[in-house]
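Asker: Residue numbers (the working numbering): 281 to 824.
Right, I'll just put the structure down here and ask away after.
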């Protein structure tokens, strides 16, 4: 009988499980390479994720993202720096053309759905809720007392600034800890739905529930408590959304999708302010009802529009430690250039916040509260229309800045002009816009005050958009270590929160200290001073 053919080196190989002794197997195991899966990069260390969060902080910052100025974050994990395929995302997926379209429009719609209710709450709904707590029914006229010595009306509703400042500071402090906490927790989520999806859905629903509570007529302490919880709930939406853009979008398509995300943030900010301004005309609870509905659908609709996120069950288990949260709040050491751009940003955001934090009070009680009132007509109608007009003017200014930032950047390179000088000039232009609103408000009456506020919104939207778009290059040049670019950009984003808190504190102190004589007047010159200081610090920085 013929024997079957034995292939040398294939069929005659011994069974190692039987041929090797236990001692031999232990020796082989000691020499073998153990394939330990590395955990994915933390979202706090992703430069692109931090850049998206910075763009989502406001409409003008979003104009910088939409401008397409060539100042990318130094991402050392980019596929363009090695032999990896730029058509493959960081999570290992290769999206198809249809999925790329869904990513583009999904993040665009998500930026509107998430940004609009947040802008409505911060600009209109929460300041109006504080006014309602102190019996300032802003749906009706408010009597104005005339100063007999000057014949001019005394300042109105100046006792509201301190409670609003307390609410803003509580929110800022809570947000500074909520964002790194949610970032660390979502990185460690290991479920079939993925790392980011459950957080966005749950965050939207939780934001809606807390918003309905904030709309009730409660005390200031209760309002501050739920406003602090709201910061955590909002971080559950915004932080995973920014991380998803960095993880799910391939490098090839990231500039286009980030640009559309910036446009969506701009539209969401404007729509949110208009929604809050028009809603408060009818009832103080109406803006909260609108925002609750948008928050509830924002996370769900975002998940539906985006392609399904891959499961995170297979990622390695990572222990959560509190140091991972506090490390995101530690500034880089021995980085004077970074400290200067950070200080300039803080001063600029303080100047912006001095009018932005108290914008509803400025319009309602400063623009429309300086004439003697003999009627019970709802003055929130003209105030709401003016706020909506200012939102549209700011959007136009930011859009113009987005369109002009690219050519301006090219001219700077061609003519060898210092970028610091152009950024400082944008600070000067912003100060001019504030001076226009202040001058027309003090020396004019009637529609001149309204026109002054509209001009201020248009000029400031353009100036702040240019400041962000061109100042981004200064920030990238000031980063001390490209390997820690993600962490340092996250620290730079904290300048927005610090500036907002300082604006609330400075504004409350000034308005309260001089309530009997100046009222809200001092917010404008103090804003001019802070913006000028931002320009001076920027000029002191050396252009790379």
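Don't be surprised by glycine CBs; every beta carbon is placed ideally from N, CA and C.
(1) Compare the C-alpha of residue 777 against each of 749, 765, 637 and 491 and name the closest.
(2) Is the stretch 779-789 touching the stretch 612-632 in the sense that three or more CB pairs, one from each, lie closer than 8 Å?
(3) Please check the pair residue 404 and residue 544, which I expect to be a contact at CB under 8 Å, by giving their CB distance rounded to whole angstroms.
(4) Could you tell me the boundaries of the alpha helix (DSSP H) in which residue 694 lies?
(5) Can you tell me whether residue 516 is helix, strand or coil according to DSSP?
(6) Work out the CA separation of residue 548 and residue 818 for me, nearest whole Å.
(7) Within the same chain, show all residues whose beta-carbon is closer than 8 Å to that of residue 774, passing over the 5 residues directly before and after it, in chain order.
(8) Would residue 484 pass as a contact of residue 576 if the rule is Cβ separation under 9 Å?
(9) Residues in its own chain within less than 7 Å of residue 524 by CB, not counting five upstream and five downstream?
(10) In chain order, what residues of the same chain have a beta carbon less than 7 Å from the beta carbon of residue 755, not counting five sequence neighbours either side?
(11) Does the stretch 585-599 come close enough to the stretch 457-474 that 3 or more CB-CB pairs lie under 8 Å?
(12) Give the straight-line distance between the Cα atoms of residue 441 and residue 406, rounded to the nearest whole angstrom.
(13) Relative to the C-alpha of residue 558, which candidate in 322, 661, 310 and 720 has its C-alpha closest?
(14) Compare the Cα-Cα distances from residue 529 to each of 513, 569, 586 and 579 and report the closest residue.
(15) Classify residue 561 as helix, strand or coil using the three-state DSSP reduction.
(16) Here's the rule I'm using: 16 or more other beta-carbon atoms within 10 Å means buried, otherwise exposed. How should residue 762 be labelled?
(17) Where do the ends of the alpha helix (DSSP H) carrying residue 382 lie?
(18) Just checking, does the stretch 736-748 make contact with the stretch 708-715 on the three C-beta pairs under 8 Å criterion?
(19) Can you list, in chain order, the residues of its chain with a C-beta nearer than 6 Å to that of residue 737? Leave out the 5 residues immediately preceding and following it.
(20) Excluding sequence positions up to five away, which residues of its chain have a Cβ less than 7 Å from the Cβ of residue 478?
(21) Identify, in the order they occur along the chain, each residue of the same chain with its Cβ nearer than 8 Å to the Cβ of residue 614, setting aside the five sequence neighbours on each side.
(22) Quick one: what's got a C-beta closer than 6 Å to residue 807's C-beta in the same chain, skipping five residues either side?
Answerer: A quick look at the data gives this:
(1) 637
(2) yes
(3) With 8 Å as the limit, residue 404 and residue 544 do not qualify as a contact, their Cβ atoms being about 20 Å apart.
(4) 660-694
(5) helix
(6) 30 Å
(7) 456 and 609
(8) yes
(9) 476
(10) 621 and 772
(11) yes
(12) 12 Å
(13) 661
(14) 586
(15) coil
(16) exposed
(17) 377-400
(18) yes
(19) 670, 673 and 674
(20) 469 and 471
(21) 760
(22) 631, 634, 635 and 714
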